[in-house]
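Engineer:
Number of protein chains: 2
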Amino acid sequence: MENSLKQPIIILANGAFPTHHIPLDILKKAGSVICTDGSANTLNAYGMTPFAVIGDFDSYKEPKLPFSGKKILESDQDNTDLEKALNWSLENGIEKITILGATGLREDMTLANHYILLDYYDQIKLAMVTDHFTITCHKGQKSYDTFPGQIISILPQHFNTEVSTTALRYPLNKMELHPSAKAVSNQAMGASFSVDASKPILIFRGHTEN
Amino acid sequence: MENSLKQPIIILANGAFPTHHIPLDILKKAGSVICTDGSANTLNAYGMTPFAVIGDFDSYKEPKLPFSGKKILESDQDNTDLEKALNWSLENGIEKITILGATGLREDMTLANHYILLDYYDQIKLAMVTDHFTITCHKGQKSYDTFPGQIISILPQHFNTEVSTTALRYPLNKMELHPSAKAVSNQAMGASFSVDASKPILIFRGHTEN
Numbered sequence: 029m030e031n032s033l034k035q036p037i038i039i040l041a042n043g044a045f046p047t048h049h050i051p052l053d054i055l056k057k058a059g060s061v062i063c064t065d066g067s068a069n070t071l072n073a074y075g076m077t078p079f080a081v082i083g084d085f086d087s088y089k090e091p092k093l094p095f096s097g098k099k100i101l102e103s104d105q106d107n108t109d110l111e112k113a114l115n116w117s118l119e120n121g122i123e124k125i126t127i128l129g130a131t132g133l134r135e136d137m138t139l140a141n142h143y144i145l146l147d148y149y150d151q152i153k154l155a156m157v158t159d160h161f162t163i164t165c166h167k168g169q170k171s172y173d174t175f176p177g178q179i180i181s182i183l184p185q186h187f188n189t190e191v192s193t194t195a196l197r198y199p200l201n202k203m204e205l206h207p208s209a210k211a212v213s214n215q216a217m218g219a220s221f222s223v224d225a226s227k228p229i230l231i232f233r234g235h236t237e238n
Numbered sequence: 029m030e031n032s033l034k035q036p037i038i039i040l041a042n043g044a045f046p047t048h049h050i051p052l053d054i055l056k057k058a059g060s061v062i063c064t065d066g067s068a069n070t071l072n073a074y075g076m077t078p079f080a081v082i083g084d085f086d087s088y089k090e091p092k093l094p095f096s097g098k099k100i101l102e103s104d105q106d107n108t109d110l111e112k113a114l115n116w117s118l119e120n121g122i123e124k125i126t127i128l129g130a131t132g133l134r135e136d137m138t139l140a141n142h143y144i145l146l147d148y149y150d151q152i153k154l155a156m157v158t159d160h161f162t163i164t165c166h167k168g169q170k171s172y173d174t175f176p177g178q179i180i181s182i183l184p185q186h187f188n189t190e191v192s193t194t195a196l197r198y199p200l201n202k203m204e205l206h207p208s209a210k211a212v213s214n215q216a217m218g219a220s221f222s223v224d225a226s227k228p229i230l231i232f233r234g235h236t237e238n
């Protein structure tokens with residue numbers, strides 16, 4: 029790993045900047061923030077400096093204050109800036125990342141960024157934290173901490189994904205899920221729930237109201 | 029079709045209320061607005077009255093002013109409110125709908141609403157208009173009006189979707205697309221482009237800046 033990278037490591041994407049206290053607290057406690065292109069300017073305006081900026085620099089503007097971070101130019105048009113940042117992270121041996129700013133604004137990027145979780149989940153430990161949810165991806169059996177009434181949504185990528193759950197208000201028992209809206213707005217019953225899935229699924233865990 | 033339904037017909041979902049002039053103009057020119065649950069309150073606050081409200085009424089609040097529209101209670105937990113509104117529209121012979129307010133806020137619903145376009149595209153003529161894009165779904169060959177520099181993103185649902193395009197900055201020639209970020213932020217070159225896809229795809233056409 030790059031010697032100067034400090035944990036925890038955050039990637040700030042160029043969607044809507046966080047406003048909820050949960051993603052903002054994660055950002056404030058970051059050891060290193062890697063920005064995708066123009067999000068470096070947004071972070072700068074928030075009063076923080078990125079460890080590195082990665083992208084094709086088509087939306088980046090040179091800041092007024094001196095910027096001592098790394099600038100990593102990746103012009104490959106086949107990858108989005110978030111993919112470039114994740115590829116760089118993999119090459120540098122980073123094992124765990126929280127992604128902020130990945131949703132809101134452009135819906136095509138929001139959708140693409142969800143798919144990125146499905147593309148990278150088995151290579152690096154990832155969580156995407158938005159103003160509404162903590163979004164993760166996994167395959168097989170996994171348990172999560174919850175609170176009673178917490179919104180839990182489960183969305184697969186592949187057709188015929190078999191999903192079973194425990195401790196949700198509307199239980200799923202070997203249910204064949206498709207990439208559709210059939211498991212949105214479920215609710216946790218207690219302090220944890222578990223889910224078993226035959227193919228990778230996205231899990232959306234809602235934040236507390238306050 | 030319901031006698032009192034007037035064209036054009038809009039479904040207002042319960043995501044972020046439009047702020048861009050393109051979706052707002054569509055809303056203002058609506059003949060009938062069908063609201064999903066709590067979006068009736070948002071529409072009311074905007075000074076308009078829905079033709080009907082459809083959903084499980086878990087987020088709807090009785091308005092202060094008298095409401096003369098239809099209230100259609102559908103409690104089925106297996107369908108989202110937007111699916112309920114579309115099913116009701118199909119049952120009532122509606123052939124064309126523009127969906128507003130379907131994105132922003134909750135990312136699980138935003139994702140589910142994209143999938144709904146893929147579920148219903150061959151049953152009813154649908155366009156989803158957001159603050160950033162007009163989003164449609166089709167399979168096979170189709171042409172679209174564009175302007176030079178317009179952002180065009182193409183996202184498939186199925187793996188191995190073969191896609192070819194004309195008149196885009198980064199041409200696709202029988203390219204095998206997967207549900208991933210490989211065809212985001214393309215650009216139209218002129219007044220139209222066409223795309224041919226072996227399986228259904230989502231097309232995101234960016235709005236003008238002003």
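If you read the protein sequences in the order shown, they are chains A and B. One rule links them: number in this note's numbering = place in the first sequence (from 1) + 28. One rule links them: number in this note's numbering = place in the second sequence (from 1) + 28. C-beta atoms are modelled at their ideal positions from N, C-alpha and C, and glycine is treated no differently. Predicted model, so just to flag it, every value in this text is computed and none were measured.
Could one say the Cβ of residue 150 (chain B) lies closer than 9 Å to chain A's Cβ atoms, at least one of them?
Structural biologist: No, residue 150 (chain B) does not count as interfacial toward chain A.
Engineer: For residue 163 (chain B), return the contacting residues in chain A, with the cut-off set at a CB-CB distance below 8 Å.
Structural biologist: Those within 8 Å of residue 163 (chain B) in chain A are 135.
Engineer: Does any residue of chain A have a CB that is nearer than 9 Å to the CB of residue 147 (chain B)?
Structural biologist: Interface residue, yes.
Engineer: Report the residue from A:38, A:105, A:193, A:144 whose alpha carbon sits nearest the alpha carbon of residue 54 (chain A).
Structural biologist: The shortest C-alpha separation from residue 54 (chain A) is found at A:38.
Engineer: Less than 6 Å between C-beta atoms, sequence neighbours within five positions excluded: which residues of the same chain meet that for residue 87 (chain A)?
Structural biologist: Excluding sequence neighbours, residue 87 (chain A) sits near 65, 66.
Engineer: Taking the DSSP output, what are the residues bridged to residue 105 (chain B)?
Structural biologist: None; residue 105 (chain B) has no bridge partner.
Engineer: Measure from the C-beta of residue 183 (chain A) to each C-beta in chain B and report whether the shortest distance is under 9 Å.
Structural biologist: So, interface residue.
Engineer: Rounded to whole angstroms, what is the Cα-Cα separation between residue 118 (chain B) and residue 107 (chain B)?
Structural biologist: Residue 118 (chain B) and residue 107 (chain B): Cα-Cα distance of roughly 15 Å.
Engineer: Three-state secondary structure (DSSP) at residue 73 (chain B)?
Structural biologist: Helix at residue 73 (chain B).
Engineer: Is residue 148 (chain B) closer than 9 Å to residue 166 (chain B) when the C-beta atoms are compared?
Structural biologist: Not in contact: residue 166 (chain B) and residue 148 (chain B) (Cβ atoms no closer than 9 Å).
Engineer: Taking one C-beta from the stretch 226-236 of chain A and one from the stretch 158-178 of chain A each time, how about it: are there three or more such pairs within less than 8 Å?
Structural biologist: Touching, yes, given that three or more Cβ pairs across the two stretches are closer than 8 Å.
Engineer: Tell me the rounded alpha-carbon separation between residue 194 (chain A) and residue 202 (chain A).
Structural biologist: So the two alpha carbons sit approximately 11 Å from each other.
Engineer: From the DSSP secondary-structure annotation, give me the bridge partner or partners of residue 203 (chain B).
Structural biologist: Beta-bridge pairing links residue 203 (chain B) to B:191.
Engineer: Let me know if residue 104 (chain A) comes out buried or exposed under the rule of 16 or more other beta-carbons within 10 Å of its beta-carbon.
Structural biologist: Label assigned to residue 104 (chain A): exposed.
Engineer: Could you tell me the distance, in whole angstroms, from the CA atom of residue 185 (chain B) to the CA atom of residue 110 (chain A)?
Structural biologist: Residue 185 (chain B) and residue 110 (chain A): Cα-Cα distance of roughly 20 Å.
Engineer: Would you call the stretch 168-184 of chain B and the stretch 68-84 of chain B touching, i.e. three or more CB-CB distances under 8 Å?
Structural biologist: Because the criterion of three Cβ pairs below 8 Å is not met, the stretch 168-184 of chain B and the stretch 68-84 of chain B do not touch.
Engineer: List the residues of chain A that residue 88 (chain B) touches, going by C-beta distances under 9 Å, in chain order.
Structural biologist: Per Cβ cutoff of 9 Å: no residues; residue 88 (chain B) is ~15 Å from chain A at best.
Engineer: Apart from the five residues just before and just after residue 135 (chain A), which ones in its own chain have a Cβ nearer than 6 Å to its Cβ?
Structural biologist: Correct list: empty, nothing qualifies.
Engineer: Quick one: list the residues of chain B neighbouring residue 105 (chain A), beta-carbon separation under 8 Å, in chain order.
Structural biologist: In chain order: 198.
Engineer: Going along chain A, which residues have a C-beta under 9 Å from residue 73 (chain B)?
Structural biologist: Near residue 73 (chain B) there are no residues of chain A at all, since even the closest Cβ is about 21 Å away, more than 9 Å.
Engineer: Suppose only complete runs of 3+ residues qualify. What are the beta strand (DSSP E) ranges in the stretch 161-186 of chain B, listed by chain order?
Structural biologist: Listed in chain order, the complete beta strand (DSSP E) runs (minimum 3 residues) inside the stretch 161-186 of chain B are 161-173, 179-184.
Engineer: For residue 138 (chain A), which residues in the same chain have their Cβ closer than 6 Å to its Cβ, ignoring the five residues on either side in sequence?
Structural biologist: Closer than 6 Å at Cβ, skipping near neighbours: 131.
Engineer: Please tell me whether residue 226 (chain A) has its Cβ less than 9 Å away from any Cβ of chain B.
Structural biologist: Taking Cβ atoms only, chain B never reaches closer than 9 Å to residue 226 (chain A), which makes this a no.
Engineer: Would you kindly report the start and end of the unbroken alpha helix (DSSP H) that includes residue 130 (chain A)?
Structural biologist: Looking at the DSSP string, residue 130 (chain A) is not in any alpha helix (DSSP H), and its letter there is neither H nor E.
Engineer: Using a beta-carbon distance below 9 Å, is residue 49 (chain A) in contact with chain B?
Structural biologist: Residue 49 (chain A) does not count as touching chain B.
Engineer: Using CA atoms only, rank isn't needed, just tell me which of B:226, B:197, B:214 is closest to residue 191 (chain B).
Structural biologist: Nearest option by C-alpha distance: B:226.
Engineer: How long is the line joining the alpha carbons of residue 90 (chain B) and residue 80 (chain A), rounded to whole angstroms?
Structural biologist: Distance between the alpha carbons of residue 90 (chain B) and residue 80 (chain A) is about 51 Å.
Engineer: Is the CB-CB distance between residue 127 (chain A) and residue 116 (chain A) below 9 Å?
Structural biologist: Against a cut-off of 9 Å, the Cβ pair of residue 116 (chain A) and residue 127 (chain A) comes out as no contact.
Engineer: Verify whether the separation of the beta carbon atoms of residue 155 (chain A) and residue 41 (chain A) is less than 9 Å.
Structural biologist: No, they are not a contact pair.
Engineer: Need the endpoints of the alpha helix (DSSP H) that residue 55 (chain B) sits in, please.
Structural biologist: Note, residue 55 (chain B): alpha helix (DSSP H), 49-56.
Engineer: Can you confirm whether residue 39 (chain A), when its beta carbon is compared against all beta carbons of chain B, has any partner nearer than 9 Å?
Structural biologist: False, the Cβ-Cβ gap to chain B never drops below 9 Å.
Engineer: Please confirm if residue 142 (chain A) has its CB atom under 9 Å from at least one CB of chain B.
Structural biologist: Output row for residue 142 (chain A): interface = yes.
Engineer: So the beta strand (DSSP E) residue 228 (chain A) belongs to, where does it begin and stop?
Structural biologist: That run of the beta strand (DSSP E) goes 220-234.
Engineer: Is residue 218 (chain A) close to chain B, meaning its C-beta is less than 9 Å from at least one C-beta of that chain?
Structural biologist: No, because no Cβ of chain B sits closer than 9 Å to the Cβ of residue 218 (chain A).
Engineer: Count the other C-beta atoms from every protein chain shown that fall within 10 angstroms of the C-beta of residue 83 (chain A), then say buried if there are 16 or more, exposed otherwise.
Structural biologist: By the neighbour-count rule (16 or more Cβ atoms within 10 Å), residue 83 (chain A) is buried.
Engineer: If we call anything under 9 Å between Cβ atoms a contact, is residue 141 (chain A) one with residue 43 (chain A)?
Structural biologist: Against a cut-off of 9 Å, the Cβ pair of residue 43 (chain A) and residue 141 (chain A) comes out as a contact.
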